[in-house]
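Okay, so here's the structure we're looking at.
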Amino acid sequence: DDSSDSAGSTDSPAAPETTATASFFVFGDVARHVAGDAASVETLVPIGQHGHGWEPGPDVQGRVLESDLFVHGMPGFQPWADDIRTSLEADDSGVSEVDASADVELHEIGADGHVHDDESHDETEHHEEETHANETDHTNETEHHDDEHAEESETHDHGELDPHFWLDPTRVATATETLRDAFQSVDAANADAYAANAESYRETLSELDAAFEDGLADRERDVLLVAGHDAYGYLADRYDLDIVALTGISPDEEPSPRDIERAQATIEEHGIRHVLADPLESDRAAQQLVSETDAENVLPLTPLPGVMTEWEENDWGYVDIMREVNLPSLRTALGAQ
Numbered sequence: 001d002d003s004s005d006s007a008g009s010t011d012s013p014a015a016p017e018t019t020a021t022a023s024f025f026v027f028g029d030v031a032r033h034v035a036g037d038a039a040s041v042e043t044l045v046p047i048g049q050h051g052h053g054w055e056p057g058p059d060v061q062g063r064v065l066e067s068d069l070f071v072h073g074m075p076g077f078q079p080w081a082d083d084i085r086t087s088l089e090a091d092d093s094g095v096s097e098v099d100a101s102a103d104v105e106l107h108e109i110g111a112d113g114h115v116h117d118d119e120s121h122d123e124t125e126h127h128e129e130e131t132h133a134n135e136t137d138h139t140n141e142t143e144h145h146d147d148e149h150a151e152e153s154e155t156h157d158h159g160e161l162d163p164h165f166w167l168d169p170t171r172v173a174t175a176t177e178t179l180r181d182a183f184q185s186v187d188a189a190n191a192d193a194y195a196a197n198a199e200s201y202r203e204t205l206s207e208l209d210a211a212f213e214d215g216l217a218d219r220e221r222d223v224l225l226v227a228g229h230d231a232y233g234y235l236a237d238r239y240d241l242d243i244v245a246l247t248g249i250s251p252d253e254e255p256s257p258r259d260i261e262r263a264q265a266t267i268e269e270h271g272i273r274h275v276l277a278d279p280l281e282s283d284r285a286a287q288q289l290v291s292e293t294d295a296e297n298v299l300p301l302t303p304l305p306g307v308m309t310e311w312e313e314n315d316w317g318y319v320d321i322m323r324e325v326n327l328p329s330l331r332t333a334l335g336a337q
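According to the UniProt record's numbering, the residues represented by the sequence shown are 1 to 337, in order.
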């Protein structure tokens, strides 16, 4: 079931006893599918807010303290979530916590702030076997990846690893297993339900992956221009795309005149007709590129930093937004219609 239904909502007569809080929309949505009717999940970032830049009010830590499980991303992704994690551990709160990306193979980020594929994705066996030994030739990568699963590591930030793994449905499937294990550890009585829910959601993710593979297979071009930050490395890697981003990995980075010039040259060189932009961010740069080049329009492509009111009203979860927003825009921009 790929709908983001209100599983575990408290208006049912017998609300689940197990509760989870999530620091980010995608993590909360995956957690909801794993939880099913056995647990309730609250995503802390409000509807319409950007999950990177949002800062919690004073009540948020209390809501986490009242939950059994706190689901978050890698250290450095959301500093406020790191602060909550630290205080949970310091206070011996009894709240379990899980990094949704703990078992996911993450890309490294170059010194220029952009993802470089050649630095990233040939350590799959390392991660799938959950081994962290140093017997690998990729010594530069090993020190990053060996630490990646370590709860103690406080040093990761946007300068080292790309957190946006959820743009690849196969990596979300890995995170689904991680969250399944986390729910089972805090609520062993419902272990079978969590296992069945996770398997069902993994099948849905496999169908999503196939829809992208099939939908993008017969395309006229491979180069895409995103008027936004460099959040699409995993999408590009999975579906063999060349995605040129206006700015680096940080969503707070403003495009410089040089960035705009580089984007204009990309549009001209590759005959790009559609500029992509996240509807949760300003489209000013995208509209400028359309007005100053031969590009025709702006299409929505979102790295899902949050959920828009319209998507929430449609009851769309991660899978729905990938299918209904991102895939059609990619097909149009790539000439895969």
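Just so you know, even glycine gets a beta-carbon here, dropped at the ideal spot from N, CA and C.
Same chain, Cβ closer than 6 Å to residue i, five either side skipped, listed in chain order
i, result
"Ala231", "His164, Pro303"
"Arg85", "Glu97"
"Asp168", "Tyr234, Arg238"
"Glu42", "Thr21"
"Gln264", "Thr293"
"Gln78", "Ser23"
"Phe70", "Thr21, Val64, Val95, Glu97"
"Thr139", "With a pLDDT of 32 at Thr139, under the threshold of 50, the modelled position of this residue cannot be trusted; read the value that follows with caution. Around Thr139: no qualifying Cβ."
"Asp82", "Pro75"
"Tyr201", "His33, Thr176"
Spatial neighbours of residue i in its chain, beta-carbon cut-off 7 Å, leaving aside the 5 residues before and after
i, result
"Leu327", "Ala211, Phe212, Gly215"
"Leu65", "Ser93, Val95"
"Leu299", "His274, Leu276, Ser329, Thr332, Ala333"
"Ser101", "Gly73, Met74, Pro163, Phe165, Ala175"
"Phe25", "Thr43, Val45, Gly51, Leu304, Gly306, Val307"
"Gly221", "Just to set this straight, residue 221 is Arg in the shown sequence, not Gly. Cβ neighbours of Arg221 beyond the five flanking positions: His270, Leu334, Gly335."
"Glu312", "Ile47"
"Ala191", "Gln184"
"Val325", "Pro300, Thr302"
"Gln337", "Arg331"
"Arg219", "Leu334, Gly335, Ala336"
"Asp209", "Pro169, Thr170"
"Asp99", "His72, Gly73, Met74"
Inter-residue CB distance, residue i and residue j (contact presumed, cutoff 8 Å)
i, j, result
"Gln287", "Ile260", "The Cβ separation is near 12 Å, so there is no contact."
"His229", "Ala245", "6 Å"
"Thr174", "Val104", "5 Å"
"Pro58", "Trp80", "Actually they are not in contact, since the Cβ atoms of Pro58 and Trp80 sit about 12 Å apart, beyond 8 Å."
"Glu108", "Glu177", "That pair is no contact at about 23 Å."
"Ile272", "Ala295", "6 Å"
Under the three-state DSSP convention, the category residue i falls into
i, result
"Asn314", "coil"
"Val298", "strand"
"Glu55", "coil"
"Ser40", "strand"
"Ala22", "strand"
"Glu66", "coil"
"Ile272", "coil"
"Ile84", "helix"
"Ser96", "strand"
"Leu161", "strand"
"Asp218", "coil"
"Val186", "helix"
"Leu225", "strand"
"Ala196", "helix"
"Asp278", "coil"
"Glu108", "strand"
"Asp252", "coil"
"Asp259", "helix"
"Asp237", "helix"
"Val325", "helix"
"Val290", "helix"
"Val45", "coil"
"Asp320", "helix"
"Ala102", "coil"
"Val172", "helix"
"Thr10", "In this prediction, Thr10 scores a pLDDT of 45, lower than 50, which makes its location untrustworthy; no coordinate-derived value is stated."
"His33", "helix"
"Val244", "strand"
"Val71", "strand"
"Val307", "coil"
"Asp283", "coil"
"Tyr201", "helix"
"Asp230", "coil"
Close-in-space but distant-in-sequence residues of the same chain around residue i (CB under 8 Å, 5 per side omitted)
i, result
"Met308", "Ile47, Gly48, Pro279, Leu280"
"Glu254", "Thr247"
"residue 341", "Nothing about residue 341 can be reported from this structure: the residues present for the chain run from 1 to 337 only."
"Val172", "Val26, Val30, Phe165, Trp166, Leu205, Tyr318"
"Asp240", "Asp222"
Residue i: CB within 7 Å of a non-hydrogen atom of the ligand ZN
i, result
"Glu199", "Among the ligands in the structure shown, none appear at all, so the ligand ZN cannot be discussed."
### Message
Under 8 Å: do the segment 24-36 and the segment 191-211 share three or more Cβ pairs, one atom per stretch?
### Response
A contact exists between the segment 24-36 and the segment 191-211.
#### Entry: Inter-stretch contact (C-beta, 8 Å, three-pair minimum) for the segment 289-301 and the segment 312-324
Fewer than three beta-carbon pairs drawn from the segment 289-301 and the segment 312-324 are found closer than 8 Å, and the two stretches are therefore not classed as touching.
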